[in-house]
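*Asks:*
In UniProt numbering, the protein residues as written are 1 to 389.
Structural data, given as structure tokens:
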């Protein structure tokens with residue numbers, strides 16, 4: 001395929017391919033990147049993308065290229081910072097957590113004073129704090145097994161939580177700016193932040209950011225952390241409520257907060273909606289739990305329908321619509337977990353008709369899942385008995 005993009009349009013297309021982890025598209029762009037007429041031939045060796053990351057030799061080659069990029073461009077602080085963050089990602093996914101922390105320190109991301117010009121640089125910054133948090137958490141877990149000192153580990157947990165909270169703040173900024181770039185039409189001059197051809201359909205923010213958005217609220221609710229932040233779940237959900245690219249995160253956070261409320265860990269609800277007072281405010285803990293579970297159930301059902309549609313398209317020969325078996329299994333399991341919580345809550349309130357209607361909706365994509373059919377059957381039996389009396 002002959003690519004004729006140049007300059008800022010080519011750089012924007014590269015940013016898009018990197019953000020989507022579309023290595024095939026990036027391979028098509030490589031000839032244009034190396035071409036002097038492309039205008040960005042100096043970026044050729046800033047990053048080496050190798051989808052075969054399970055091969056040791058490819059990873060070592062990537063490591064050498066990134067180290068060379070950081071060494072050759074010592075005066076370019078942005079290039080050095082991005083190179084070390086990419087090295088940290090490489091070491092993190094190789095389970096080399098100590099090396100990943102060293103790379104984050106060398107990137108000097110904590111001391112960065114310059115603004116993040118491109119969306120990709122903002123995403124890398126958010127990922128760097130997520131890597132730092134996960135690496136510290138893993139190392140802290142090992143140290144806790146060998147040296148059970150309570151005070152030092154409590155300080156470590158606070159440091160880990162601080163890393164995740166910073167990652168969450170940067171992730172929210174990245175997702176908001178990405179949404180603006182998608183919605184806005186590019187004007188005369190093209191910039192590196194213009195995302196050509198982007199749409200929210202099938203757009204992913206990346207595994208690291210999703211994990212950080214889920215991990216931060218979980219850690220903030222742990223009993224061992226003295227200064228809990230009950231509002232973190234609510235803040236993430238309200239800030240990202242209209243961002244379809246993080247539906248999976250929203251679904252899990254709603255379920256997680258509902259479980260917290262069901263266990264009686266939180267009684268006051270005002271803290272969760274202080275950001276947007278125009279939102280509906282439940283008057284009781286039961287109302288809050290039901291609302292959160294219904295939101296989670298709707299999102300989970302929607303994701304199931306999307307996966308089913310993508311699977312049908314892949315069966316018809318569309319290579320861009322493949323859905324893995326693991327992803328399908330995860331989607332159905334997420335829906336089952338929400339259904340189980342709804343059974344506990346609605347059965348306690350004797351709202352069996354509502355429960356039956358929820359299960360009826362899920363029959364469209366339940367297919368041969370015996371458990372979901374059993375739940376629907378039991379709900380119908382109870383509903384019929386109540387109607388008879």
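C-beta atoms are modelled at their ideal positions from N, C-alpha and C, and glycine is treated no differently.
Does the Cβ of residue 263 have 16 or more other Cβ atoms within 10 Å, making it buried, or fewer, making it exposed?
*Replies:* exposed
*Asks:* For residue 283, count neighbouring C-beta atoms within 10 Å of its own C-beta (all shown protein chains included) and say buried if the count is 16 or more, exposed if not.
*Replies:* Counting Cβ neighbours within 10 Å, residue 283 comes out exposed, since fewer than 16 surround it.
*Asks:* Quick check: residue 257 and residue 242, are their CB atoms within less than 7 Å of each other?
*Replies:* Cβ distance not < 7 Å, so residue 257 and residue 242 don't count as in contact.
*Asks:* Assuming contact is defined by CB atoms lying nearer than 7 Å, are residue 293 and residue 338 in contact in what I supplied?
*Replies:* yes
*Asks:* Do residue 70 and residue 84 come within 7 Å of each other at the CB atom, strictly closer than that value?
*Replies:* yes
*Asks:* Taking 7 Å as the threshold (C-beta atoms), are residue 251 and residue 300 in contact?
*Replies:* yes
*Asks:* Just the C-alpha distance for residue 362 and residue 30, rounded to the nearest angstrom, thanks.
*Replies:* 45 Å
*Asks:* Would you call residue 98 buried or exposed, if buried means 16 or more other Cβ atoms sit within 10 Å of its Cβ?
*Replies:* exposed
*Asks:* Exposed or buried, what is residue 108 when buried is set at 16 or more other beta-carbons lying within 10 Å of its beta-carbon?
*Replies:* exposed
*Asks:* Can you tell me which of the three DSSP states residue 130 falls into?
*Replies:* helix
*Asks:* Residues in the same chain with beta-carbon distance under 6 Å from residue 369, minus the five sequence neighbours each way, listed in chain order, please.
*Replies:* Excluding positions up to five away in sequence, the list is empty.
*Asks:* In whole angstroms, what is the alpha-carbon distance linking residue 398 and residue 355?
*Replies:* Look at the range of the chain in this structure, 1 to 389, and you will see that residue 398 is not part of it.
*Asks:* So residue 356 is in the alpha helix (DSSP H); what residue range does that whole segment cover?
*Replies:* 352 to 366
*Asks:* Report the three-state DSSP secondary structure of residue 284 (helix, strand or coil).
*Replies:* coil
*Asks:* Between which two residues does the alpha helix (DSSP H) carrying residue 82 extend?
*Replies:* 77 to 93
*Asks:* With a threshold of 7 Å between beta carbons, is residue 131 in contact with chain B?
*Replies:* Annotation note: the requested chain B is absent from the structure, which comprises a single protein chain.
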